[in-house]
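Read in order, the letters of the sequence shown are residues 980 to 1043 in the working numbering.
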Amino acid sequence: MDVERPLASPCVQVCALDEDDICIGCQRSVAEITRWSRMDNAERRQVLLLCHERARVSGALLQH
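Structure follows, in structure tokens:
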């Protein structure tokens, strides 16, 4: 049986929140950061999609 490895955190060690409580480094919300270790890979993929969309809208560059 193949066990899927957990997706790595998108944290880039640039931890500061913007006015919307979104991390300027990884583009995750406070709730997403807090829950990350308890998420399964499907949830993590959804968060990563949201991070990329937030980065696109804000013009930020993600390093993952």
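Every residue, glycine too, gets a C-beta built ideally from N, C-alpha and C.
None of the values given here were measured: they were computed from a predicted structure.
Sequence-distant residues of its chain with Cβ nearer than 8 Å to residue i (five each side left out)
i      : result
Arg920 : Within the shown structure, residues of the chain are numbered from 980 to 1043, placing residue 920 beyond reach of any answer.
For residue j and residue i, the rounded distance between their alpha carbons
i       : j       : result
Ala1039 : Cys1002 : 11 Å
Met1018 : Val982  : 15 Å
Thr1013 : Gly1004 : 15 Å
Beta-carbon spacing of residue i, residue j below 8 Å
i       : j       : result
Gln1006 : Cys1030 : yes
Val993  : Glu1011 : no
Reference residue i, options the options, closest by Cα
i       : options                   : result
Ser1008 : Leu1028, Ala1021, Asn1020 : Leu1028
Arg1033 : Asp1019, Asp999, Ala1021  : Asp999
Own chain residues within Cβ distance below 7 Å of residue i, not counting five before or after
i       : result
Asn1020 : Glu983, Pro985, Leu986
Ser988  : Trp1015
Paired residues, beta bridge with residue i - DSSP
i       : result
Cys1002 : Leu996
Ser1008 : Ile1001
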